[in-house]
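Trainee: Quick one: the structure is below, questions incoming.
Chains as they are written, first to last, in the numbering used here: chain D, 1 to 179; chain W, 1001 to 1415.
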């Protein structure tokens, strides 16, 4: 069970590179969550358990890259951009360090492990973080090849292959070209 | 030993434990800069004479600003507002919380309002809403179970909206916890049993769930050992003050552990059953603990095995083959539940169908299991459980726990 890690100096170039990776990654993830809500019934069901309207954000503390996703009064889920300032957010999840965010979004640390290791600052009703975490997990299962998704989530859901593949195509299409 | 790459641990509570611990309260208040505390308690605690024991121990040098005993069995927003009003009227400057989990949670809620001002408790719900230190709060638990005297959480019911609101902040952790066996000596056997099983669950889940760390592990193992040794003694001799004190210490240690490493599916299912059917928390913990250990066995076997040493002692640990130790732990918990059922003349339930209300009616009808599943899906503890939990998994575990049958491990989906 021992965890291996190593210390690295975090210079400014490294930080810029991390941000350059995370900014489009969070943009993509935010749009993919909205797409998954439109495509998958289980993702939709998790959003149904959240209040209406509801906005959540996942980003890097204090003002790093972020994604803002909102469920509108009509129930539709939309990506609201990468800026949290000035937005009325119901659930704000901030990753405490850029390096940690990089680990999470290179799928070396799962969302659950990040929560367990106290990597995130959570502001808002904690109960709402549970469906949001499930939505993020399911979206990752759609986006990632199985071998990588295994690192990102606790358990790969036993979906029929057609559900995974058709869902994956539809989510990628909507994420890249709009929805 | 698990050593995560990153973790946080904080437990700033000053613990005062002993046969005359109550007498230390005036000194603790002086250190905290308070001279006129409000005693917050409930009518049951007052009727048991514990308020008199407390005020007697405070002596003539310290006069409480008042005694608020209107805390209901489930702490509520209305009760918090009412007590906060009394605090302000009496110009108090600190809080003595004397009671079980509901009293301690109410006291934390009152402390938010009297420190931050205003009457809108909901403005501070959720995590991270509090930004500064609150007024001095000393917790004096009258049950050995919730561990609320060392935790950063308060759960308060908003009756108007029919929801339980969670408040999470390091500023909610009491300044001191006073553990005195005079406060738990009169606890009835079935409540002693249920609350101790609650503490055992805190310790075992803290040790086996995802957020474990070396600090919480130390507290959790000590708590398991204390409960295993002293719970049977207390059940056999309820007036044993030393054993009562040991259980109170175990509950505090377990509270320290789970406040920092959180809990998993046992609490997830227990919160859901409590919310839907109003079953006491400790009862749910006792029933679900073996199921939680069984469900996570494929991920947690080695960690569960390590619990055998504090739970059953070195001789049993040494003569049990390594591969069999986790199963022996689960069996030991079930044996303990059966022993407690015998000792309480059947009042300590071992399955969901055995749970009865005060009138002897079954409290968890089988047809309500789907409602419980829905409530469990929104409980935050699921995140910290080693294995994923979806609706089917929760229903499968609930059905087995309702029947009182061990989990069919071939039905546990492994990821």
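We put the CB at the ideal spot given by N, CA and C, even for glycine.
Mind reading off the beta-carbon distance from residue 1419(W) to residue 1065(W)? Whole number of angstroms is fine, and I expect it under 8 Å.
Mentor: Nothing about residue 1419(W) can be read from this structure; chain W reaches only from 1001 to 1415.
Trainee: For the alpha helix (DSSP H) holding residue 164(D), just list the boundary residues, first then last.
Mentor: Looking at the DSSP string, the run of the alpha helix (DSSP H) that includes residue 164(D) is 161-177.
Trainee: Compare the C-beta of residue 160(D) against all C-beta atoms of chain W and say whether one is closer than 8 Å.
Mentor: Closer than 8 Å: no.
Trainee: Taking a Cβ distance cut-off of 9 Å, strictly less, list which residues of the stretch 1186-1211 of chain W are near chain D, in chain order.
Mentor: So the close ones are 1209, 1210, 1211.
Trainee: Determine, for residue 130(D), whether the minimum Cβ-Cβ distance to residues of chain W falls below 8 Å.
Mentor: Cβ-Cβ to chain W under 8 Å: yes for residue 130(D).
Trainee: Applying the criterion that 16 or more other CB atoms from any shown protein chain within 10 Å of the CB defines a buried residue, is residue 1384(W) buried or exposed?
Mentor: Its Cβ being crowded by 16 or more others within 10 Å, residue 1384(W) is buried.
Trainee: Can the beta-carbon of residue 1266(W) be found less than 8 Å from the beta-carbon of residue 1289(W)?
Mentor: The answer is yes: Cβ separation under 8 Å.
Trainee: Using beta carbons (cut-off 8 Å, strictly below), is residue 1380(W) in contact with chain D?
Mentor: Answer yes: the Cβ-Cβ gap between residue 1380(W) and chain D drops below 8 Å somewhere.
Trainee: Quick check: residue 1264(W) and residue 1301(W), are their CB atoms within less than 8 Å of each other?
Mentor: Their beta carbons are not under 8 Å apart, which means residue 1264(W) does not touch residue 1301(W) by this criterion.
Trainee: Checking 8 Å against the spacing of the C-beta atoms, do residue 1254(W) and residue 1223(W) come in under that value?
Mentor: Yes, Cβ-Cβ distance for residue 1254(W) and residue 1223(W) is below 8 Å.
Trainee: Where DSSP assigns a beta bridge to residue 1141(W), which residues make up the other side?
Mentor: Answer is 1099(W), bridged to residue 1141(W).
Trainee: Between residue 46(D) and the rest of its own chain, which residues show a CB-CB distance below 6 Å, the 5 nearest in sequence each way excluded?
Mentor: So the list reads 131, 134, 135, once near-sequence residues are dropped.
Trainee: Assuming residue 58(D) and residue 128(D) make a contact with CB atoms under 8 Å, what is their CB distance in whole Å?
Mentor: Not a contact, Cβ separation roughly 13 Å.
Trainee: Could you pull out every residue in the same chain whose Cβ sits closer than 8 Å to the Cβ of residue 91(D), ignoring the five residues on either side in sequence?
Mentor: Closer than 8 Å at the Cβ level, and outside the excluded window around residue 91(D), lie 54, 55, 56, 57, 122, 123, 124, 125, 128, 129, 132.
Trainee: When the Cα of residue 72(D) is compared with those of 88(D), 42(D), 151(D), 108(D), which residue comes out closest?
Mentor: Comparing Cα positions, the closest option is 88(D).
Trainee: If we cut at 8 Å on Cβ distances, does residue 1064(W) have a partner in chain D?
Mentor: Residue 1064(W) does not count as touching chain D.
Trainee: Check distances from the C-beta atoms of the stretch 46-79 of chain D to those of chain W and list, in chain order, the residues that come in under 9 Å.
Mentor: Taking 9 Å as the Cβ-Cβ cut-off against chain W, the residues of the stretch 46-79 of chain D that qualify are 46, 49.
Trainee: The beta strand (DSSP E) with residue 115(D) in it runs from where to where?
Mentor: Premise fails: residue 115(D) lies in the alpha helix (DSSP H), 111-116, not in any beta strand (DSSP E).
Trainee: Among residues of its own chain, excluding the 5 on either side of residue 1087(W), which ones have a beta-carbon nearer than 7 Å to its beta-carbon?
Mentor: Result list for residue 1087(W): 1038, 1110, 1114, in chain order.
Trainee: Residue 67(D) lies in the beta strand (DSSP E); which residues open and close that run?
Mentor: Counting along the chain, the beta strand (DSSP E) containing residue 67(D) begins and ends at 66-71.
Trainee: Does DSSP put residue 155(D) in a helix, in a strand, or in coil?
Mentor: Residue 155(D): coil per DSSP, three-state reduction.
Trainee: Express the C-alpha separation of residue 1201(W) and residue 1174(W) in angstroms, rounding to a whole number.
Mentor: Going by the C-alpha atoms only, they are around 22 Å apart.
Trainee: Answer yes if the stretch 1125-1141 of chain W comes into contact with the stretch 170-177 of chain D, meaning at least three C-beta pairs across the two stretches below 8 Å, and no otherwise.
Mentor: Contact fails: fewer than three Cβ-Cβ distances are below 8 Å.
Trainee: For residue 1366(W) and chain D, any beta-carbon pair shorter than 8 Å?
Mentor: Chain D, which has no Cβ nearer than 8 Å to the Cβ of residue 1366(W), makes this no.
Trainee: Can you give the Cα-Cα distance for residue 1389(W) and residue 1382(W), rounded to whole angstroms?
Mentor: When rounded, the distance between both Cα atoms is 7 Å.
Trainee: Just to confirm the assignment, what range does the beta strand (DSSP E) spanning residue 91(D) have?
Mentor: That run of the beta strand (DSSP E) goes 91-95.
Trainee: Is DSSP giving residue 1261(W) helix, strand or coil here?
Mentor: Note: residue 1261(W) maps to helix in three-state DSSP.
Trainee: Out of 79(D), 22(D), 97(D), 142(D), point me to the one whose CA is closest to residue 68(D)'s CA.
Mentor: Cα-wise, what sits closest to residue 68(D) is 79(D).
Trainee: Note down, in chain order, each residue of its chain lying with its Cβ closer than 6 Å to the Cβ of residue 163(D), except the 5 sequence neighbours on either side.
Mentor: Closer than 6 Å at Cβ, skipping near neighbours: no residue.
Trainee: Between residue 88(D) and chain W, is the shortest Cβ-Cβ distance under 8 Å, so that the two count as touching?
Mentor: Chain W contact via Cβ: absent.
Trainee: Using a Cβ-Cβ cut-off of 8 Å (strictly less than) and excluding sequence neighbours within five positions of residue 1401(W), which residues of its own chain qualify?
Mentor: The answer, listed in chain order, is 1269, 1287, 1288, 1291, 1351, 1352.
Trainee: Does any C-beta atom of chain W lie closer than 8 Å to the C-beta of residue 36(D)?
Mentor: No, because no Cβ of chain W sits closer than 8 Å to the Cβ of residue 36(D).
Trainee: Would you check if the distance between the CB atom of residue 1079(W) and the CB atom of residue 1055(W) is smaller than 8 Å?
Mentor: Cβ distance not < 8 Å, so residue 1079(W) and residue 1055(W) don't count as in contact.
Trainee: For residue 1059(W), would you say it is in contact with chain D, using Cβ-to-Cβ distances shorter than 8 Å as the test?
Mentor: Answer no: the Cβ-Cβ gap between residue 1059(W) and chain D never drops below 8 Å.
Trainee: Any C-beta of chain W within less than 7 Å: which residues of the stretch 113-129 of chain D qualify?
Mentor: The residues in question are 113, 115, 116, 117, 118, 119, 121, 122, 123, 124, 125, 126, 127, 129.
Trainee: Taking 8 Å as the cut-off, does the stretch 1154-1173 of chain W touch the stretch 1006-1019 of chain W (at least 3 CB pairs, one atom from each stretch)?
Mentor: Yes, the stretch 1006-1019 of chain W is in contact with the stretch 1154-1173 of chain W.
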